[in-house]
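In this text, residue positions in the sequence shown follow the working numbering: the first is -19, and each later residue adds one. Beta carbons are placed, not taken as given, at the ideal position from N, Cα and C, and that holds for glycine. First the structure, in the form of structure tokens, and then the observations on it.
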Amino acid sequence: MGLLKGLLGARKLLLSILVPLLLLPLPMLHPSSEASCAYVLIVTAVYWVSEAVPLGAAALVPAFLYPFFGVLRSSEVSPLAAQPPAWVNAKAVKEGSR
């Protein structure tokens, strides 16, 4: 019972570390932009739904991982993330978490 309680207490940490590691074979076994995009999408969705990381940080995961995996260039990603509605939503998430 103590082990289960300890694992539940560390749920967010385990999710933030294990989900990307367990899904990493997807872009490695299928080296295509579609597989890399699916990897980023699944990791972001798990972070968002489980709230393992703050929602604002989960929303920025694609902005960092798409250029890293070569799905999009950073010059293509940054204008999408810098649009005013994105910043309004990020501020609302930040204010809501207080």
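**OP:** Count the other CB atoms, across all protein chains shown, that sit within 10 Å of the CB of L(-6); report buried if there are 16 or more and exposed otherwise.
**Re:** Taking every protein chain shown into account, the CB of L(-6) has fewer than 16 other CB atoms within 10 angstroms, so this residue is exposed.
Original post:
Just the Cα atoms here: how many angstroms apart are A25 and L9?
Top reply: Approximately 21 angstroms between the Cα atoms of the pair.
Subject >> Simplified DSSP state of K4, which is helix, strand or coil >> reply: As written in the sequence, residue 4 is Leu, which differs from the Lys given in the question. In this structure, L4 counts as coil in the three-state DSSP scheme.
**OP:** Tell whether a beta-carbon distance below 9 angstroms holds between V23 and Y46.
**Re:** No. Outside cutoff.
Subject >> Reference E31, options F44, K(-15), I(-3), K(-8), closest by Cα >> reply: The shortest C-alpha to C-alpha distance from E31 to any of F44, K(-15), I(-3), K(-8) is the one to K(-8).
Original post:
Under a Cβ-count criterion, where at least 16 other Cβ atoms within 10 Å of its own Cβ denotes burial, should A38 be classed as buried or exposed?
Top reply: With a threshold of 16 other beta carbon atoms within 10 Å, A38 meets it and is buried.
Original post:
So, helix, strand or coil for L45, using DSSP?
Top reply: Residue state, collapsed to three classes: helix.
Original post:
Leaving out five residues before and five after S(-4) in sequence, what residues of the same chain have Cβ atoms less than 8 angstroms from its Cβ?
Top reply: Sequence-distant Cβ neighbours of S(-4) in its own chain, meaning closer than 8 angstroms and more than five residues away, are Y27, A32, V33.
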